[in-house]
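Chemist:
Chains as they are written, first to last, in the numbering used here: chain A, 1 to 384; chain B, 385 to 768.
1) Could you tell me the alpha carbon to alpha carbon distance between residue 492/B and residue 649/B, rounded to whole angstroms?
2) What does residue 584/B reach in chain A if we use C-beta pairs closer than 7 Å?
3) Closest to residue 520/B by CA distance: which of 397/B, 757/B and 736/B is it?
4) How close, in whole Å, do the beta carbons of residue 762/B and residue 561/B come, if the pair is a contact with beta carbons under 8 Å?
5) List the residues of chain A whose Cβ lies closer than 8 Å to the Cβ of residue 601/B, in chain order.
6) Checking 8 Å against the spacing of the C-beta atoms, do residue 588/B and residue 700/B come in under that value?
7) Whole angstroms are fine: how far does the CA of residue 445/B sit from the CA of residue 510/B?
8) With DSSP as the reference, label residue 705/B as helix, strand or coil.
9) Can you tell me where the beta strand (DSSP E) holding residue 70/A begins and where it ends?
10) Select from 69/A, 142/A, 70/A and 164/A the residue whose C-alpha is nearest the C-alpha of residue 149/A.
11) Is residue 292/A close to chain B, meaning its C-beta is less than 8 Å from at least one C-beta of that chain?
12) Any idea what DSSP makes of residue 578/B, helix, strand or coil?
13) Within a Cβ cutoff of 7 Å, which residues of the same chain sit near residue 584/B, ignoring the five residues on either side of it in sequence?
14) Which of the three DSSP states, helix, strand or coil, is assigned to residue 2/A?
15) Does residue 598/B get closer than 8 Å to chain A when you measure Cβ to Cβ?
16) Pull up the distance between the alpha-carbon of residue 666/B and that of residue 517/B, whole angstroms please.
17) Select from 324/A, 334/A and 300/A the residue whose C-alpha is nearest the C-alpha of residue 369/A.
18) Find the residues of chain B that neighbour residue 210/A, judging by a C-beta separation of less than 7 Å, and give them in chain order.
19) Do residue 623/B and residue 676/B count as a contact pair if the criterion is CB distance below 8 Å?
20) Report the rounded CA-to-CA distance for residue 110/A versus residue 308/A, giving the unit in angstroms.
21) Secondary structure at residue 470/B, three-state DSSP: helix, strand or coil?
22) Which first and last residues belong to the alpha helix (DSSP H) in which residue 153/A is found?
23) Determine, for residue 279/A, whether the minimum Cβ-Cβ distance to residues of chain B falls below 8 Å.
24) Any contact between the segment 216-227 of chain A and the segment 326-342 of chain A? By contact I mean 3 or more CB pairs, one from each, below 8 Å.
25) Along chain A, in chain order, which residues have C-beta atoms closer than 7 Å to that of residue 591/B?
26) Beta strand (DSSP E) containing residue 353/A: first to last residue?
27) What does the alpha-carbon distance come out to for the pair residue 831/B and residue 564/B?
28) Can we say the segment 637-656 of chain B touches the segment 424-435 of chain B, given the rule of at least three CB pairs closer than 8 Å?
29) Please report the residue range of the alpha helix (DSSP H) in which residue 758/B lies.
30) In the DSSP output, which residue or residues are listed as bridge partners for residue 749/B?
31) At a CB-CB cut-off below 8 Å, which residues of chain A make contact with residue 605/B?
32) Is it right to say residue 399/B is buried, meaning 16 or more other beta carbons lie within 10 angstroms of its own, or is it exposed?
33) Bridge partners for residue 551/B per DSSP, in chain order?
34) Throw me the rounded Cβ distance for the residue 627/B and residue 673/B pair, which I believe falls under 8 Å.
35) With distances taken Cα to Cα, identify the nearest neighbour of residue 438/B among 451/B, 417/B and 745/B.
Written as structure tokens, this is what we have:
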């Protein structure tokens with residue numbers, strides 16, 4: 001295999017189990033997952049230099065190998081996985097084959113790019129704030145963020161542990177469901193309940209994105225009945241976004257602050273700013289963020305009881321151009337996190353489905369369900 | 385008839401035509417419509433004192449009389465009709481019989497209150513920024529803002545002429561449609577096109593209001609098919625709101641500025657502030673507002689082509705309490721005008737339909753169609 005998409009940190013070949021449900025499929029693993037005998041880089045030159053070479057393989061990688069999939073390489077990630085765009089100041093930006101002049105999204109940038117380019121069938125990523133969902137949307141592929149805490153992440157670089165979860169990319173739903181099944185996620189349950197349209201989430205998407213996703217939604221409504229408009233955050237979605245931003249940053253600093261202070265890594269510009277922000281979160285702000293998070297969890301559990309499913313655009317628009325300036329990227333990120341934070345705050349599964357194009361570039365539609373209903377989402381997505 | 389709702393400025397009795405489609409029905413007319421031989425007060429003590437007693441009756445009143453309805457009195461209005469709450473510093477606040485501790489809405493406050501209290505079958509109001517739609521929502525009755533420019537307003541105090549239009553209240557759709565027909569509005573055309581859900585409009589409503597209106601929407605979807613989410617304002621609904629605020633204020637100052645400067649009326653507090661703001665609009669700001677307005681008109685014409693109909697909550701929530709402070713009212717008004725300004729900017733018809741209650745007080749759902757489709761809205765509303 002030739003890495004035509006700058007998706008891989010390193011290529012190699014780990015055979016999976018001889019027999020298994022994923023036999024014959026190949027995958028790339030985001031370079032935050034340990035592979036025994038290989039440096040784990042986490043998108044940062046300093047990280048690999050200051051951490052021992054792992055002697056065991058991370059659980060999410062081992063699970064795919066045990067199911068028969070073949071590991072063909074480690075894939076690029078945004079630096080310490082703390083970004084959403086797929087731009088890495090040290091290793092470059094993987095190619096978004098669906099929109100070559102645009103970013104691929106991140107932080108699971110290489111796994112998304114490799115799947116979109118047809119280099120592998122499965123991309124193993126991770127999702128804290130949207131790192132599977134957003135690149136899936138940008139690259140025109142399927143991406144599943146799994147329910148938080150259901151799958152072991154042993155051997156994975158943590159980012160913000162109460163948000164971090166495993167996710168995968170694929171070019172079709174059948175493959176994604178085979179992977180989810182092989183990982184041990186339970187089969188889809190009964191017919192889902194009503195579709196909910198969260199108006200506060202939709203209001204952060206561009207008009208053209210709303211129009212594109214509306215077409216995909218029409219197919220979903222034809223199969224599952226009309227949507228019911230709802231408000232996600234009675235107190236304002238901005239409050240949830242802020243609770244996400246603060247809570248994530250506080251955990252990131254708790255996880256990596258001492259390493260950052262000790263090693264003083266030369267971060268890329270956006271990453272450096274975010275670590276500085278993370279270092280400045282006060283205990284009082286973190287406490288407040290946790291209180292808002294608890295409210296959001298309860299609210300979403302209520303909304304999603306009885307099998308209801310949220311439907312909304314995955315992000316505010318197609319991927320930003322590779323040439324976009326920082327102000328454009330910051331504004332995009334803020335809108336995106338308003339849309340992505342509900343599942344993150346509540347640990348919910350979310351699938352991003354290719355929903356059409358805007359200015360020739362892909363946009364995704366997302367489905368979110370109650371915890372544990374990962375494969376129900378995949379079943380519902382078939383109607384699109 | 386006893387004015388149990390403080391709805392009337394003056395009671396009298398003008399028989400309508402002996403025969404006609406509205407024979408047997410009574411109505412009250414907002415005190416901005418001239419009635420021959422009676423002072424027109426416009427909610428302001430100074431207005432009546434400084435204007436001659438009219439010698440003819442305004443066209444919208446004459447039309448109802450000619451159709452056989454009986455005029456039983458002039459109804460209260462907010463001062464110079466420049467408010468949405470129904471609070472008049474000089475004449476008090478009409479009673480909202482559906483929620484007695486809350487305001488009735490305005491500026492067509494008395495006509496709405498009289499209909500809600502069962503004192504008349506028809507309330508004649510006017511709508512510039514929401515003065516029929518919002519009180520209808522607050523009082524739990526039907527209210528139609530007619531297409532701008534279709535019905536003569538001769539003999540009416542103008543407010544912002546390019547926005548001002550006739551509207552009516554009724555307790556049932558049948559009566560409202562009889563009135564619209566009698567006024568000469570054309571019969572409903574072919575089956576309407578798809579229902580559009582403007583996510584940027586909905587995002588200004590409270591969560592409880594969204595939930596209440598969603599139930600009414602479900603009945604509409606059962607009859608007319610699933611909604612299609614859309615964005616009203618690609619440039620941001622805030623820009624439309626601002627264009628409305630500035631454009632309306634500029635026209636109001638153009639219409640009434642010289643009277644205000646000459647007579648120095650003792651306005652109620654909120655009204656005084658708004659006239660001061662109106663006096664300060666610069667020509668450049670007005671020009672920009674007109675440009676945004678032109679864009680909004682084109683956008684809405686595109687969205688509503690082929691018979692499409694917008695569906696959204698009429699206002700952000702139920703009527704504010706009579707005891708609400710100014711900051712609460714200002715915030716409510718701003719959210720309300722985001723939701724109400726599209727029809728105002730584009731001169732479109734809009735009907736507000738009782739849609740349920742929030743905390744025991746009514747909220748309305750609105751339908752908006754292309755110009756001239758007033759009675760189509762009433763036909764579609766029957767499904768609710």
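Positions of the beta carbon are idealized from the N, C-alpha and C atoms, including for glycine.
Modeler: Answer, in terms of the structure:
1) 21 Å
2) 203
3) Ranked by Cα distance from residue 520/B, the first of 397/B, 757/B and 736/B is 736/B.
4) 5 Å
5) 228 and 229
6) yes
7) Note on geometry: alpha-carbon atoms of residue 510/B and residue 445/B lie some 12 Å from one another.
8) strand
9) 70-75
10) 164/A
11) no
12) coil
13) Beyond the five residues adjoining it in sequence on each side, residue 584/B comes within less than 7 Å, by CB distance, of 615, 616, 617 and 621 in the same chain, given in chain order.
14) Note: residue 2/A maps to coil in three-state DSSP.
15) Nearest CB-CB separation between residue 598/B and chain A: below the 8 Å threshold.
16) 29 Å
17) 300/A
18) 583, 613, 614 and 615
19) yes
20) 33 Å
21) coil
22) In the DSSP assignment, residue 153/A falls outside any alpha helix (DSSP H), carrying neither H nor E.
23) So no, residue 279/A is outside the interface.
24) no
25) By Cβ distance, chain A contributes 231 and 234.
26) Its beta strand (DSSP E) spans residues 350-358.
27) Past the edges of chain B, shown from 385 to 768, lies residue 831/B, and the structure says nothing about it.
28) yes
29) Note, residue 758/B: alpha helix (DSSP H), 758-765.
30) 697/B and 737/B
31) 226
32) Counting Cβ neighbours within 10 Å, residue 399/B comes out exposed, since fewer than 16 surround it.
33) 509/B and 529/B
34) 4 Å
35) Proximity to residue 438/B across 451/B, 417/B and 745/B peaks at 417/B, based on C-alpha coordinates.
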